[in-house]
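Residues in the sequence shown are numbered from 1 upward in steps of one, following the UniProt record's numbering.
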Amino acid sequence: EPIIQLSGTRDNSVHLVPLLHSSLDQPDAPGWPVITPLKVQLLKCEKCSLEFCSPINYKRHARIHRRSWKVDKEYGNLRTPLAEFWDKCSIEERKQVVSFDDIMLKKTPGSSVIDALDAALLEAGIWGFPYVYIKAGSKLLGVIRSSPSISSRDLFGILDDASEGTFLFTGAAECVQNFIFDGDAFNSLEWRNLIASTCFLFELQLVKAWVADKDAEALRCQKLLVEEEEAERNKR
C-alpha cells in the first residue's frame, strides 16, 4: 500500500520532494519507510562483477564488453562542455531542458515516465531498491519539478547515481537508445527502470539543448563573419 495517500500527485509531489530528501538523508530515522520491503535482486555483470538495479543501466554498461564497441573520444569529452552549458543557462533555459512534455522514450511519453516516478516514490515497495538509487531518483525528480538552479557538479552527481554509473556511458543517450530499449524486457515504466528512464530522458534533453546552443553559436559566428566581409568589400 502507498506510504502516504495524496490526491493530485503532480501538485503534491513538489511539496513531498523536500520530505523525501530529508528522510533519505536520515535513513535510520524511525518510521521511514513505514514498511521495510524485501530487497530487490540485483543484476550482476558476468564480465566485471558490477551490480545494477535497472536492466536499462545494466544493458548500457554491458555494451563496453562487446568486441565491436570502440571508445568514442568525442563522447568521452562531452561531460565538461555539458557542465559548462548547464552552468551558463538561465533558470528559464534550464526549465526548457527539464521539460519532458514533448519527448518520447520509444512509444512512452516523457511526461508519463515522470508521473510514474512521482507515484512510485509514494509506494512502500520502491524502498526495496538500493538506497543510493532511490535517493538519486528523488533528487532528480526534485530538479525536474522545482529546483533547476542546481549546479552542474551536483546535478551530474545525481545523474551518475541514477544511471548507476552509466550517465554519458558508451556514447550519448540518443546514440544508444535503440540498443538499450529493444525488446519487451526493458519496460521504461517498470519500477526498477523508472529512475534509469528518467535519467536517460534527462540526458537526451541536456545533450539536445547543448547541440542546439552550439548550432546557434555557429550561426551567430557565421553571420558576423559575413557582415565583416561585406563591410570590408564596402570599404574597398
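C-beta atoms are modelled at their ideal positions from N, C-alpha and C, and glycine is treated no differently.
Runs of the alpha helix (DSSP H) lying entirely within the region 102-187 and spanning at least 4 residues, in chain order: 110-120, 131-145, 152-162, 173-180. When Cβ pairs closer than 8 Å are counted between the two stretches, the region 192-204 is seen to touch the region 48-55, the count reaching three or more. Nearest Cα to L121 within the set C221, W191, L82: W191. Collapsing the DSSP output to three states places K44 in a strand.
Taking the Cα positions, V113 is about 9 Å away from F100. A Cβ-Cβ distance of about 6 Å is found for the pair R60 and F169, placing them in contact under the 8 Å criterion.
Counting every other CB atom within 10 Å of its CB across the protein chains shown gives Y131 a total below 16, marking it as exposed. I158 is a Cβ neighbour of L140, given a cutoff of 7 Å. Linking F167 to D160 through their CA atoms gives a straight-line distance of about 5 Å. Per DSSP, the beta-bridge partners of E51 are K44. Under the three-state reduction of DSSP, R233 is assigned to helix.
In terms of Cβ geometry, S163 and T108 do not form a close pair [threshold 7 Å]. Looking at A231, V176, N57, K88, the one whose alpha-carbon comes closest to that of K214 is K88. Counting along the chain, no alpha helix (DSSP H) covers F100, and no H or E run does either.
Distance between A83 and S111, taken at the CA atoms: about 24 Å. Between K39 and G128, the gap from beta carbon to beta carbon is short of 7 Å.
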